[in-house]
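*Asks:*
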Amino acid sequence: MASPSKPEAQAQARATRNVATTLNYMIPPGREGLQPIRLDDSKSEGRIVKRTGITDERDVVIKDIRGREHEFTLDVQGFQYVKHRVDGVTDWRDNTQVKQIVQPATEALVKKVTGASEVVVYLTRTRFEGNDAGNQMSTPNSPSHGVHSDMTHASCRSVLKHVLTEAQMERLMSHPFLVVNVWRPLKPIQRDPLALCDWRSVDPDTDIIPDRRVVSGQVFEFGIPIFNQKHEWYYLNEQQPDEPVIFKQLSSDAASNVTLLHSAFVDPDHINDSPRESIEMKCFAFFT
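Each residue of the sequence shown is one higher than the last, beginning at 1 in full-length UniProt numbering.
1) Just to confirm my understanding: we take I101, look at its own chain, exclude 5 residues before and 5 after, and list those with CB closer than 7 angstroms. What are they?
2) How close, in whole Å, do the beta carbons of D267 and T21 come, if the pair is a contact with beta carbons under 8 angstroms?
3) Rank W199, R191, D253 by C-alpha distance to the C-alpha of S274 and give the top, closest one.
4) First and last residue of the beta strand (DSSP E) that includes E118?
5) Just to confirm, are K83 and Y234 a CB contact at a threshold of 7 angstroms?
6) What separation, rounded to the nearest whole angstrom, lies between the Cα atoms of D269 and V19?
7) Cα-Cα, which of W183, T259, R213 is closest to L34?
8) Could you tell me which whole beta strand (DSSP E) segments of length 3 or greater appear in the region 215-255?
9) Mind checking whether E221 and S263 have CB atoms under 7 angstroms apart?
10) If you measure between the beta carbons of N272 and R66, is that distance less than 7 angstroms?
11) Quick one: what's got a C-beta closer than 6 angstroms to Q218's C-beta in the same chain, skipping five residues either side?
12) Go ahead and label S117 buried or exposed: buried means 16 or more other beta carbons lie within 10 angstroms of its beta carbon, across all protein chains shown.
13) Hey, quick one: how far does the beta strand (DSSP E) through K282 stretch, first residue to last?
14) Along the chain, where does the beta strand (DSSP E) containing L178 start, and where does it finish?
15) For V89, which three-state DSSP category applies?
16) As a quick exercise: from V182, L39, D203, A195, pick the residue whose alpha carbon is nearest that of A108.
17) Leaving out five residues on either side along the sequence, give the residues of the same chain with a beta carbon under 8 angstroms from the beta carbon of L74.
18) Grab the span of the alpha helix (DSSP H) containing V113 for me, first residue to last.
19) Among the residues of its own chain, which have a CB less than 6 angstroms from the CB of E277, if the five just before and after it don't count?
20) Judging by CA-CA distance, which residue of D211, R68, F227, V258 is the nearest neighbour of T16?
21) Span of the beta strand (DSSP E) holding L194?
22) The alpha helix (DSSP H) that contains Q80, what's its start and end?
23) From this set, P244, D211, Q240, which residue's C-alpha is nearest P36's C-alpha?
24) Which of the three DSSP states, helix, strand or coil, is assigned to D150?
25) Do Y25 and D56 count as a contact pair if the criterion is CB distance below 7 angstroms?
26) Buried or exposed for R38, please, with buried defined as at least 16 other CB atoms from any protein chain shown within 10 angstroms of its CB.
27) Rank H153, S149, G78, T124 by C-alpha distance to the C-alpha of T96 and give the top, closest one.
28) Mind checking H175: buried by the 16 CB within 10 Å criterion, or exposed?
29) On the DSSP letters alone, give me the boundaries of the beta strand (DSSP E) that V159 sits inside.
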């Protein structure tokens, strides 16, 4: 029997593959909720200081959407995979190339997908290191294995003040906006893929607890979830560098707000593979 051609082999390698694994939720807090963590350290990474003793590990099945990516959209499930290449980057660890090449391409992509007129990238994070802890963000450059959403309305001005003037912020925030993440592999993903939760399966009033850090007077707040068996988790098997995913984190319209839970997860078949390499740009998309 003849060996399959290269395209056929690639298609076979990317056949639909659901993964049984665990995700790290949070043990429900008491009636008082989570008390804010207050820090005097003004460094931006101070916001990611970890809480301990609250992890609730749950068995889940993460469904592969390979072959039916078109069924998942930003406006329905809260996330959307797109075909999009970025050419000309010779070193993804070079911040200058990322700023001059990747960021404009990402801003243009967000405009195209959302219809926004202005896009502001407020944070870029690259990950090249493995996470030996396995259940948390061990460094800013390794995958985060705790289910979370990235921000709440309380954080908007704190994150924007690092990239905009006060006048720019006042002008833009008078208009409707979305906060979206653009997450891109730098090589085909095997170890520590990204799982995304269909936002329609989440009750934000009961399933998500705000976790606030006050750093030198600035508020940084994100959401961590309580387990709900209704949550529906998805990923894209063997996600490629030209298959970034865009997902929602916030909307200026509270009535239609979306905050998409996400997490890296352990694929039992790829535990010992080389570390995942990825880049994520977190953006405000303004409709001016």
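In this text, a Cβ means the ideal position worked out from N, Cα and C, and glycines have one as well.
*Replies:* On the basis of the coordinates in this document:
1) V86, G88, V89, listed in sequence order.
2) A Cβ-Cβ separation of about 7 angstroms places D267 in contact with T21 under the 8 angstroms criterion.
3) When only C-alpha atoms are compared, the closest one is R191.
4) Note, E118: beta strand (DSSP E), 118-127.
5) No, they are not a contact pair.
6) About 9 angstroms.
7) Taking only the C-alpha atoms, the option nearest L34 is R213.
8) The qualifying runs are 218-225, 233-235, 245-251.
9) Their beta carbons are not under 7 angstroms apart, which means E221 does not touch S263 by this criterion.
10) No, the pair does not count as a contact, with Cβ atoms beyond the cut-off.
11) Annotation for Q218: S158 place their beta carbon closer than 6 angstroms to its own, counting only its chain and skipping 5 residues before and after.
12) It counts as exposed.
13) Counting along the chain, the unbroken beta strand (DSSP E) around K282 starts and ends at 278-286.
14) It spans 177-185 - the beta strand (DSSP E) in which L178 sits, taken as one unbroken run.
15) Three-state result, V89: coil.
16) Shortest Cα-Cα distance from A108 to any of V182, L39, D203, A195 involves V182.
17) Hits under 8 angstroms: Q80, V113, T114, V180, I246, F247, K248.
18) Segment 103-114, the alpha helix (DSSP H) holding V113.
19) Excluding residues up to 5 positions away in sequence, F128, L186, K187 lie with their Cβ nearer than 6 angstroms to the Cβ of E277 in the same chain.
20) Ranked by how close their Cα comes to the Cα of T16, the residues D211, R68, F227, V258 have R68 in first place.
21) Segment 194-197, the beta strand (DSSP E) holding L194.
22) Judged by DSSP secondary structure, Q80 falls outside any alpha helix (DSSP H) and instead within the beta strand (DSSP E) spanning 79-81.
23) P36 has its Cα closest to that of D211, out of P244, D211, Q240.
24) Residue state, collapsed to three classes: coil.
25) Yes, the Cβ-Cβ distance between D56 and Y25 is below 7 angstroms.
26) Exposed, because fewer than 16 other Cβ atoms sit within 10 Å of the Cβ of R38.
27) Across the set H153, S149, G78, T124, the C-alpha of T124 shows the shortest separation from the C-alpha of T96.
28) Result: exposed.
29) Per DSSP, V159 belongs to no beta strand (DSSP E); it is in the alpha helix (DSSP H), 156-160.
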